[in-house]
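Visitor:
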Amino acid sequence: MKTLLTLSVNGRPREDAVAGNALLIDYLRDTLGLTGTKQGCDGGECGACTVLVDGQPRLACCTLAHSVAGRSIETIEGLSHEGNLSRLQRAFHEHLGSQCGFCTPGMIMAAEALLRRTPQPSRDEIRAALAGNLCRCTGYVKIIESVEAAAGCEEVPA
Amino acid sequence: MGALSDFSVLRPASAADAVRLRGEHPTSRFIAGGTDLVPNMRRGLVSTDIVIDLGNVGEMRELQHQGGTLRIGAGVTLATLAADPRVRARLPALAQAALCVAGPTHRTAATLGGNLCLETRCQYFNQSESWRQGNNYCMKLAGDTCRVAPKSSRCYAAFSGDVAPALLALGAEVELLGPQGIRRLPLAELYVDDGMRWLALGADELLFAVTVPLVAGRVSGYEKLRVRGAIDFPLAGVAVVLRRDGDALGELRIACTGVSSRPEFVGGLDALAGQPLDDAAFAVIERQIKRTIQPMETTTVSVPYRRRATPVLAKRLVRRLWDEAKRR
Ligand code: FES
Ligand code: FES
Chain A
1 MKTLLTLSVN GRPREDAVAG NALLIDYLRD TLGLTGTKQG CDGGECGACT
51 VLVDGQPRLA CCTLAHSVAG RSIETIEGLS HEGNLSRLQR AFHEHLGSQC
101 GFCTPGMIMA AEALLRRTPQ PSRDEIRAAL AGNLCRCTGY VKIIESVEAA
151 AGCEEVPA
Chain B
1 MGALSDFSVL RPASAADAVR LRGEHPTSRF IAGGTDLVPN MRRGLVSTDI
51 VIDLGNVGEM RELQHQGGTL RIGAGVTLAT LAADPRVRAR LPALAQAALC
101 VAGPTHRTAA TLGGNLCLET RCQYFNQSES WRQGNNYCMK LAGDTCRVAP
151 KSSRCYAAFS GDVAPALLAL GAEVELLGPQ GIRRLPLAEL YVDDGMRWLA
201 LGADELLFAV TVPLVAGRVS GYEKLRVRGA IDFPLAGVAV VLRRDGDALG
251 ELRIACTGVS SRPEFVGGLD ALAGQPLDDA AFAVIERQIK RTIQPMETTT
301 VSVPYRRRAT PVLAKRLVRR LWDEAKRR
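Chains as they are written, first to last, in full-length UniProt numbering: chain A, 1 to 158; chain B, 1 to 328.
#1: For the alpha helix (DSSP H) that contains E94/A, what are its first and last residues?
#2: I think L118/B touches L81/B, with their Cβ atoms under 8 Å apart; what is that distance to the nearest whole Å?
#3: Just to make sure I have the definition right: I need the residues of chain A whose C-beta is within less than 9 Å of the C-beta of R262/B. Which are they?
#4: When you compare only the Cα positions, how much space is there between V241/B and T211/B?
#5: Could you check the C-alpha separation between E145/A and H95/A for me, to the nearest Å?
#6: Comparing the C-beta of P234/B with each C-beta of chain A, is any distance below 9 Å?
#7: Give the secondary structure of residue 329/B by DSSP, where H, G and I count as helix, E and B as strand, and everything else as coil.
#8: Can you tell me whether R310/B is helix, strand or coil according to DSSP?
#9: Listed from N- to C-terminal order along the chain, which residues in the stretch 49-71 of chain A have their beta-carbon within a distance smaller than 7 Å of any beta-carbon of chain B?
#10: Can you find the residues in the same chain that come closer than 7 Å, C-beta to C-beta, to F208/B, ignoring five residues on each side of it along the sequence?
#11: Let me see if you follow: with CB-CB separation under 9 Å, is A158/A close to chain B or not?
#12: What residue range does the beta strand (DSSP E) around A239/B cover?
#13: Beta-carbon separation of D204/B and G23/B under 9 Å?
#14: Measure how close the beta-carbons of T50/A and P57/A come, nearest whole angstrom, since I'm counting them as under 8 Å.
#15: So with CB distances below 8 Å, who are the chain A contacts of G268/B?
#16: Note down the Cα distance separating T118/A from A129/A, rounded to an integer number of angstroms.
#17: Give me the subset of the stretch 94-113 of chain B whose CB atoms are less than 8 Å from a CB atom of chain A, sorted by chain position.
#18: Can you tell me which of the three DSSP states D49/B falls into?
#19: With a CB to CB cut of under 7 Å and the five nearest residues on each side skipped, what residues in its chain are close to L4/A?
#20: Tell me D16/A's beta-bridge partners as DSSP assigns them.
#21: Thinking C-beta only, is R306/B closer than 9 Å to V259/B?
#22: Against chain B, with Cβ distances strictly below 9 Å, would G20/A count as a contact?
#23: Tell me where the alpha helix (DSSP H) around G113/B begins and ends.
#24: Assign A158/A to one of three DSSP states: helix, strand, or coil.
#25: Using the beta-carbon count (16 or more within 10 Å), is L170/B buried or exposed?
#26: Any chance the CB of T48/B is under 8 Å from a heavy atom of ligand 2?
#27: State the beta-bridge partners of L52/A as determined by DSSP.
#28: Based on the DSSP output, what are the partners of N84/A in its beta bridges?
#29: Using a Cβ-Cβ cut-off of less than 8 Å, list which residues of the stretch 215-235 of chain B approach chain A; keep chain order.
#30: What did DSSP end up calling E173/B once you bin it into helix, strand or coil?
#31: Compare the C-alpha of L277/B against each of A109/B, V303/B and K315/B and name the closest.
#32: On a Cα-Cα basis, can you pick out the residue from R320/B, A255/B and K326/B that is closest to R291/B?
#33: Do you know whose CA, among V19/B, L10/B, H25/B and D17/B, lies nearest A19/A's CA?
#34: Locate the beta strand (DSSP E) running through S8/B, then write down its first and last residues.
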């Protein structure tokens, strides 16, 4: 049965009729068309579906849409400013932190939560913050370097 | 993974309302972080028509000092537990166990209560519907045989929560909220040695809070065996609480997880109080752990390995804490 879900997505207030059994990932991808959030394992094991809920990283594939009623959701689409990449997006692009790209939105959202709480993280802090995100391509070294590079930059894109 | 079956979500604002709704809807399920329940529902391992979401129950997210105890609401997230300065300073085994659960993105959602009530796990159960059908199911769901103990009349799925052994070793109590109010019992009594019915929680009861005594002079820790450094459930987990009186053990409490259908407190260690921590003491620790645990083929990692590794984890941790207690 569909009921009204009120929340904010990437800074915009929304009200949508959403089924009780809808997952946050299905709401984002199918109802809102925000397909940047990826469905990897689709079962809580890979981190590709990571979004921010009130600034905290959460797995959209394990979260019921109605359980985030009233909260503020941020997805990868919300990071760019006026068409410019965010510092993390730019760093992943410039430092080859992304290959096939499938894990990238989840990696960047998890890293975004880290940089907001710890602006200058150590390597160990980066590894710990990304420990729930799997990548099949890069071997992780370039991903960690990308987060380090982003931490050294201003947020306002050049 | 499969789609979720059709259900509706109720969002009570108080624990009392949650319990009342549970009484009105006997087939409902409580949900908190959802990191265990949602994947299990999507694999068809759990089904329900009504989900009672505890996310609005603020009273279950409180963490307070009360006299000589720390009272922790069942809705406190594992991320909060792992980071709380009081927990880290006074109950390090609990902070370390919380930090060992899954990955950081799970821990921001997953709760203390959810980890204590975690569905038992087995490599023959935590599979897709088609896999289980192809293997003719198992006793825990839709079948009649326990695949890891075919002659047995019970299921041997393993309890795999990390936080329970820490709280057992620390001597915690749980508060269960039912229609008649709160019932308190030692955490050990919450569990039953049965992979299908591992919780002694009444049908209309809600795990509401945990109280942990703060005992001066104790050091504690948690060690976990797993294939990867994150995400994985424990192949074995050991919590140790230790107090040192000079060159003798004052107190030693050990509990294990992942190696039985319930978290197990290791008995028979009281006699070590007043003794030095020598080879004889380590032999007692190893013997008592091996007597207590019962690892089965619930994971892809072999039973003999887990049998041998569990006491090794414990002995290493006891040694580390023994040295740490001396430095205090
Ligand atoms: S898609 Fe959510 S954790 Fe893999
Ligand atoms: S870039 Fe391909 S999975 Fe990470």
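Note that the Cβ used here is the ideal one computed from N, Cα and C, for glycine as well.
Guide: In this structure, then:
#1: R87 to E94
#2: Going by Cβ atoms, the distance from L118/B to L81/B rounds to 15 Å, so no, they are not a contact pair.
#3: Within 9 Å Cβ-Cβ: nothing; R262/B doesn't reach chain A, min ~24 Å.
#4: Spanning the two alpha carbons is a distance of roughly 16 Å.
#5: 7 Å
#6: no
#7: With chain B covering only 1 through 328, there is no way to say anything about residue 329/B.
#8: The amino acid at residue 310/B is misidentified as Arg; the sequence shows Thr. Residue state, collapsed to three classes: helix.
#9: T50, Q56, P57, R58, L59, C62, T63, L64, H66 and S67
#10: A15, M60, A74, E175, L176, L177 and I182
#11: Since pLDDT at A158/A reaches only 44, below the 50 mark, its modelled position is unreliable, and the value read off the structure follows with that caveat. A158/A does not count as touching chain B.
#12: A236 to D245
#13: Less than 9 Å separates the beta-carbon of D204/B from that of G23/B.
#14: 5 Å
#15: Per Cβ cutoff of 8 Å: no residues; G268/B is ~37 Å from chain A at best.
#16: 10 Å
#17: A102, G103, P104, T105, H106, T108 and A109
#18: coil
#19: E15 and A17
#20: As a beta-bridge residue in DSSP terms, D16/A pairs with L5/A.
#21: yes
#22: yes
#23: L112 to L116
#24: Reliability fails at A158/A, whose pLDDT of 44 lies under 50, so the model's placement of it is uncertain and the value that follows must be treated cautiously. Three-state result, A158/A: coil.
#25: buried
#26: no
#27: P57/A and E74/A
#28: BP columns for N84/A point to H81/A.
#29: G229, A230 and I231
#30: strand
#31: K315/B
#32: A255/B
#33: L10/B
#34: S8 to L10
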